[in-house]
Amino acid sequence: MVETVNRPEDRSTVRHPLSERGRSSRARGTDQRRGASSSPGKDPDLLAPFAPAILAVRWATAMVSVTLAAGAFVDSNLTVVAWVAAVVCNTAVRTTTPLRDTGSTRSVIPLLLEVVLHVFALTATGYWESPLVFSLVTAVIVAGFARGFGFGIRIAAASGFAVSIPALESQNWTQEAFAAAGQWMVVLLLVGVVAGYGRRISGEANRQHSLAMDRLTRLADANALLFNLHRVAQTLPASLDMEEVLESTLSRLRGLLGHDAAAIFVVDEADGSWVVAKKSALPLGRDLRLSDLPPPVSKAIRTRRLVLASDLSVGGPGLRPASQSAIYAPLMARGNLIGLLAIEHRDPERFGERDREVMQSFVDPVALAIDNARWFARLRTVGADEERTRIARDLHDRIGQSLAYLGFELDRLARRQEQGEPLGNAIQDLRDDLGTVIGEVRDTLYDLRTDVDAEKDFAVTVEEFSARVAERSGIEIELDCDRGPRLPILQEREMWRIAQEALVNVERHAEATRASVTWRCDGTEAVLDVDDNGKGFPAGDAGRVDSYGIVGMRERASSIGATLELNSSPGEGTNVRCFLAQD
4 MVETVNRPED RSTVRHPLSE RGRSSRARGT DQRRGASSSP GKDPDLLAPF
54 APAILAVRWA TAMVSVTLAA GAFVDSNLTV VAWVAAVVCN TAVRTTTPLR
104 DTGSTRSVIP LLLEVVLHVF ALTATGYWES PLVFSLVTAV IVAGFARGFG
154 FGIRIAAASG FAVSIPALES QNWTQEAFAA AGQWMVVLLL VGVVAGYGRR
204 ISGEANRQHS LAMDRLTRLA DANALLFNLH RVAQTLPASL DMEEVLESTL
254 SRLRGLLGHD AAAIFVVDEA DGSWVVAKKS ALPLGRDLRL SDLPPPVSKA
304 IRTRRLVLAS DLSVGGPGLR PASQSAIYAP LMARGNLIGL LAIEHRDPER
354 FGERDREVMQ SFVDPVALAI DNARWFARLR TVGADEERTR IARDLHDRIG
404 QSLAYLGFEL DRLARRQEQG EPLGNAIQDL RDDLGTVIGE VRDTLYDLRT
454 DVDAEKDFAV TVEEFSARVA ERSGIEIELD CDRGPRLPIL QEREMWRIAQ
504 EALVNVERHA EATRASVTWR CDGTEAVLDV DDNGKGFPAG DAGRVDSYGI
554 VGMRERASSI GATLELNSSP GEGTNVRCFL AQD
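Just remember that the numbering used here sits 3 ahead of the position in the sequence shown, which is counted from 1.
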């Protein structure tokens, strides 16, 4: 759905950046359809495609006339010589300034004057016996090329009668005079028909050529457009970072349409205001109300249709006072209006129908990319909240109780001191307990910072973490990990967090003496096994015991498309198995 504001009828000044070659081809095709090669600002010349043929015929008939008039030159027949000179001069003049026919009545006058010239030349030099008789053929051919069968035949008939009637009169209407007049009338009519037919054939050939060029041009433009949109579709929706999406959008748009100023607005769902998420060369604040936006921008938002403003001096203003033309495209995702894409240019009538089509095709992937980035930002916020909750739980489980114990001990020692009781070794014991808590804090913070990255793969990370767990808990941990191909970082990181949570559960809750970690990975599929010989728990209790972190492990597995299995029974230990497989 598209709205147009101030759409001009003449788009001759539009420039399109996708294909300069395509545009020049379209211009040539249009000129050929019109039969024109005239300069800009002039009307198309219908005779231009036939100019070489007319010039050849003109000089051929002139030379024939000179040859046939050779006797007049010998006999010094000044009348014939003068008319031959006039015909040759006319031929020379029409060589440098050929006849033009723009389709108007005025453009027919020079053609008629040429016909009159040749008719007078024939009547003055012997009618159908004149050496200049072939020069009349040129005028009939020009008439047929200019206006087709009808006009050519009418000119042939009129000029034939104009010569025949005085010829018959001068020869007393003899049979020989009728025969000569009839022969030349037929010749002129045939010449008119042939010229008209030649015009039709040439016009059809030009039309087919123009259609072929137009098809080729459209294919070239479509290919360029599809290539750019493919690059847009590859880069924009693939990114989940809002800033990267916005920057890439303006960069791609500048390459597609070429603009002086641009802006991307995003709807703030909290209060309905319009946030300027990204702008280029526009004097805009951060937040705008709908009432603050210019009329064409407000129209695009209200109607949810693309608005092409060809002349902002009439329907504007735009977002920038100096802008004279613009396109405003609403961004729709999931059936909702999520934003607006605006481009402006200082030149009026800068954007046309093809630009509108490009923009209409461009906004769909942009809207999808922006919507994806917004949702990802929200999910990332939720994920950060969940991570903070996990950190708080870890601090509570490992440190909170120890700090509470220290608080109770300090209160007990304070009461003993108030009652005058000797403290003995209690202060030293408290110091030792405090050192233990500090060590726990240090270990907890170190564990929270431990993660896989581009340099440290799963095997190295779990090896370091297992060593710390074994040192502080005394649990014997056996590792069997592949060190070959790796998963993508995001997937490998979640698998590591699952293994970390499983080992923490073994340390804190399983009362185990031994544990094992097995990791198998071929770069696309992976299997993680964490086993212990602890006390286990009854079937069905795992999802209910939140302190064990089972719910968090399941959520992490689900986020990367992995499957988590938990097998345990009282006194038999626990097995945590997570496998990631390609569909």
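Quick reminder that beta carbons are idealized off the backbone N, C-alpha and C, glycines included. In this text, all values refer to a predicted model and were calculated from it rather than measured experimentally.
Check: Taking the alpha carbon of Cys92 as the point to measure from, which residue in Val69, Arg103, Val111 has its own alpha carbon closest?; Outcome: Val69
Check: Expressed to the nearest angstrom, what Euclidean distance is found between the alpha-carbon atoms of Leu2 and Gly258?; Outcome: Not covered by the structure: residue 2. The range shown for the chain is 4 to 586.
Check: Rounded to the nearest angstrom, what separates Ala63 and Gln186 at their Cα positions?; Outcome: 21 Å
Check: Expressed to the nearest angstrom, what Euclidean distance is found between the alpha-carbon atoms of Glu495 and Leu311?; Outcome: 48 Å
Check: Using alpha carbons as the reference points, say which of Glu347, Pro298, Arg103 lies closest to Ser326.; Outcome: Glu347
Check: If you follow the beta strand (DSSP E) that Val279 is in, where does it begin and where does it stop?; Outcome: 277 to 283
Check: With distances taken Cα to Cα, identify the nearest neighbour of Leu344 among Leu253, Gln431, Leu315.; Outcome: Leu253
Check: My assumption, with CB atoms under 8 Å, is that Ala72 sits in contact with Val83. Please give the rounded CB distance.; Outcome: 5 Å
Check: So, using beta-carbon positions, are Leu193 and Val143 closer together than 7 Å?; Outcome: no
Check: For Val310, which three-state DSSP category applies?; Outcome: strand
Check: So the candidates are Pro298, Val269, Ser561; which of them puts its Cα closest to the Cα of Arg289?; Outcome: Val269
Check: By DSSP's criteria, Gly342 is part of a beta bridge. Which residues make up the other side?; Outcome: Val269, Leu334
Check: Go through its chain and collect everything with a Cβ distance to Gly537's Cβ below 7 Å, but skip five positions before and after it.; Outcome: Val509, Ala513, Glu514, Ala515, Gly576, Thr577
Check: DSSP three-state call for Arg486: helix, strand or coil?; Outcome: coil
Check: Would you grab the beta carbon distance between Ser138 and Val90 for me? Rounded to a whole angstrom, and I think it's under 8 Å.; Outcome: 5 Å
Check: Secondary structure at Asp460, three-state DSSP: helix, strand or coil?; Outcome: coil
Check: Which residue wins for smallest C-alpha separation from Arg202, given the options Ala51, Val96, Ile304?; Outcome: Ala51
Check: So, Leu49 versus Ala198, is the Cβ gap smaller than 7 Å?; Outcome: no
Check: Please report the straight-line C-alpha distance between Ile112 and Ala127, rounded to a whole angstrom.; Outcome: 22 Å
Check: Looking only at its chain, what residues have a beta carbon closer than 8 Å to the beta carbon of Pro573, apart from the 5 residues adjacent to it on each side?; Outcome: Lys538, Gly539, Phe540, Pro541
Check: Indicate the three-state DSSP secondary structure (helix, strand or coil) for Ser167 in the structure shown.; Outcome: helix
Check: My output table needs one value for Thr577: the three-state DSSP class, helix, strand or coil.; Outcome: strand
Check: Would you give the residue range spanned by the alpha helix (DSSP H) that Val317 belongs to?; Outcome: 315 to 318
Check: Compare the beta carbon distance of Ala165 and Val122 with 7 Å and say whether it is the shorter of the two.; Outcome: yes
Check: Quick one: residues in its chain with C-beta nearer than 8 Å to the C-beta of Pro43, no 5 flanking neighbours on either side, listed in chain order?; Outcome: Residue confidence for Pro43 is low, a pLDDT of 40 falling below 50, so the modelled location carries little weight and cannot support an answer.
Check: One question on the structure: do Glu528 and Ala584 come within less than 7 Å of each other, judged by their Cβ atoms?; Outcome: yes
Check: What would DSSP say about Ala329, mapped onto helix, strand or coil?; Outcome: strand
Check: Going by CA-CA distance only, name the one from Gly275, Arg307, Phe365, Asp535 that's closest to Ser294.; Outcome: Gly275
Check: Have a look at Gly487 and Asp534 and give me their C-alpha separation to the nearest angstrom.; Outcome: 23 Å
Check: Mind checking which residues open and close the beta strand (DSSP E) that includes Gly260?; Outcome: The question names Gly, but residue 260 is Leu in the sequence shown. Counting along the chain, Leu260 falls outside any beta strand (DSSP E), and DSSP gives it neither H nor E.
Check: If I follow the unbroken beta strand (DSSP E) through Val533, where does it start and stop?; Outcome: 529 to 535
Check: Quick one: measure Cβ to Cβ for Ile501 and Leu531, integer angstroms, because I've assumed they're closer than 8 Å.; Outcome: 6 Å
Check: What does DSSP give as the partner residues of Glu247 in its beta bridges?; Outcome: DSSP lists no partner for Glu247.
Check: Is DSSP giving Thr566 helix, strand or coil here?; Outcome: strand
Check: Considering only C-alpha positions, which residue in the set Leu490, Ile304, Asn570 is nearest to Met335?; Outcome: Ile304
Check: Return the bridge partner residues of Asp290 from the DSSP annotation.; Outcome: Val278
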